Structure formats: C-alpha cells, structure tokens
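All residue numbers for the sequence shown refer to the numbering used here, where the first residue is 13 and numbers rise by one. The structure appears below as structure tokens.
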Amino acid sequence: MSYSYVIVGDLAASNLQLQHFLEGYDDFTCAGLAEDSNSGLNSILKYSPDILFIDLQKNAVESFQMIADLHQYINHIPLIIGMSKTKTNAYEAIKRGFFDYWLLPYNEFEIRKSVFKLRKLVPKQQVSPKLCLQSYKDYRYIDTKDILYLKADNNATDFYMSDGSKISAYKTLKTFETKLPDNFIRVHQSYILNSNYISRINYGKNLCDLKKSDTQLPFSKSYKENIDLLNKIIGKNAISTQG
C-alpha cells in the first residue's frame, strides 16, 4: 500500500525535485500539486492525502491559516512537513504540530530519515481491494474481504460471502486464481478459500473449517503444499497447546 501526498509550493523545479526523491520509495504516491494555499486546500479536500508537503518560503502566514482551516472540514489531518531555506518558520511549524521541517535545498538523507520515521509511527493498514465482476454491460463490485470462498461450477464460479449470500460469475475458477489477493489460496480443483476465515485444518479428514460458516471445504493432495504453507503462516501467530 502507498502513502499519498500533496505538495503545496509555487516553485515547479523544487516540486519536481521532491517528487524525484520520493520516487525512490515504492509506497509513496503523488496525489496532487498546488501552487498556493487556496488550491492546496482544494487538493487536500479532493484527494485526502496522508502527507502534506508545504513550501513555507513565501506566504507562510497563509499556509498556516490553511492548516487551521482544515479542521473545519475534515477530522483526519494529514501529516505535514514544512520546507524552507531558513529556520524562521520552524518554531511556528512545531507549535502547529508539523511532523517534520526540512531546510532547503533538499537533503536526501533527511528525506530518508523522515520516510522511515513516518513508516514506523504510521504503518499503513492493508486495504482490501474490490473485485469487479463484469457481464456484458453489468458491473458488480464486491469487497474481497467479504468473500469466504469460491467454488467452481462448470465454466462458472460461485462466490460464497460472509453474510451468507452467493454471487455467480460466468468465468472459470482459474480466471480468479491469479487476480485475487495473496490471502486467497487454491486448496482443491473446485475451491479457492479466503485464508483469513480459516478456523481449523484437519489433515486426518482433509478438511478446512471456516469462521462465520458451518462449511467444511475439502483440500486435495495436489494442493497439499498450499495447505502446509497456510498452516505454517497461521500457526506462527498462534499460541500452541500441543503436548
């Protein structure tokens, strides 16, 4: 997952240089650029960035007012990093809760320290992607986190959801095997399951029990390696009572 950011500053060369430095971090994505406080406020409300970079060399007062105005419109204020050639506005930035303050020109080491500090303090939560099931001009979107398992039905696939509903798609199970997130595991010629819902793996009966359901899904010998890996991953964070 990525941290989105907006840059507020009227120096195109400086903005481009910052983007260049941040391109070295795969989890940072530029959501927008703004030349002044008004367009900056609009970009923040439009894109809801995680991080806000503000050039404080010009119109620092307006920039600080923009931050104050944000509290009228949103509950989650982005982390703010101020930049300037001097320390003139550093004290005011700290008082206003800025995450960091950089002296220009950009220092690659200082940027790296801020990136690592940010990652440590604000780890990104994994967002469950949506899956689009398209049939002619009909587009249906489902949250992958709500899928219990998938079952092959000839050349179609049935999605069994955590709320008890079933959704059918006119594509083969193989089609979805490589498109779903890593927590979906193929355990049988006819089944792919969401590993987040596994409550039990019974090797004696070759069955997996799922939470929020009375369903038991079979796993076959040809997919036993997937089950072994899954058991290892789940067991790593479990408290063992084995005698």
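Beta carbons are placed, not taken as given, at the ideal position from N, Cα and C, and that holds for glycine. These figures come from a predicted structure and were not determined experimentally.
Item	Value
Check the C-beta distance from N218 over to P230 and give it rounded, since I have them as a contact under 8 Å.	6 Å
Can you tell me where the beta strand (DSSP E) with Q200 in it begins and where it stops?	Sequence check: residue 200 is His here, not Gln. Where H200 is concerned, the enclosing beta strand (DSSP E) stretches over 196 to 200.
Of all the options F33, E47, T156, which has the alpha carbon lying nearest to the alpha carbon of T41?	F33
Measure the C-alpha to C-alpha separation of L28 and V20 and round it to an integer number of angstroms.	12 Å
Does the beta-carbon distance from N166 to R198 come in below 8 Å?	no
Should the stretch 60 to 77 be regarded as contacting the stretch 92 to 108, the criterion being three or more beta carbon pairs within less than 8 Å?	yes
By Cβ distance below 6 Å, which residues in the same chain neighbour I210 in space, the five residues on each side in sequence not counted?	C220
Taking the straight line between their C-alpha atoms, what separation do you get for I245 and M78?	46 Å
In its own chain, which residues sit with a C-beta less than 7 Å from the C-beta of S16, not counting the 5 before and 5 after it?	T41, A43, Y59, P61, D62
Any idea what DSSP makes of F110, helix, strand or coil?	coil
Assuming K178 is part of the beta strand (DSSP E), what are its boundary residues?	178 to 181
Just to confirm my understanding: we take D112, look at its own chain, exclude 5 residues before and 5 after, and list those with CB closer than 6 Å. What are they?	I93, S126
Counting along the chain, where does the beta strand (DSSP E) carrying L116 start and finish?	That residue, L116, is in no beta strand (DSSP E); it is neither H nor E in DSSP.
Going by C-alpha to C-alpha distance, which of Y37, H83, A164 sits closest to E120?	Y37
For S14, does the three-state DSSP call read helix, strand or coil?	coil
Of the residues P117, N87, I89, H88, which one's Cα is nearest the Cα of T98?	P117
Could you tell me which residues DSSP pairs with K163 in its beta bridges?	D170, Y203
Hey, would you say L185 sits closer than 8 Å to I154, going by beta carbons?	no
Is the beta carbon of T156 less than 8 Å from the beta carbon of L162?	no
What are the start and end residues of the beta strand (DSSP E) that includes K217?	From DSSP, K217 is part of no beta strand (DSSP E); its letter is neither H nor E.
Can you give me the Cβ contacts of A164 inside the same chain, cut-off strictly under 6 Å, excluding the 5 residues immediately before and after it?	L185, S202
In terms of residues, what are the limits of the alpha helix (DSSP H) holding K186?	185 to 189
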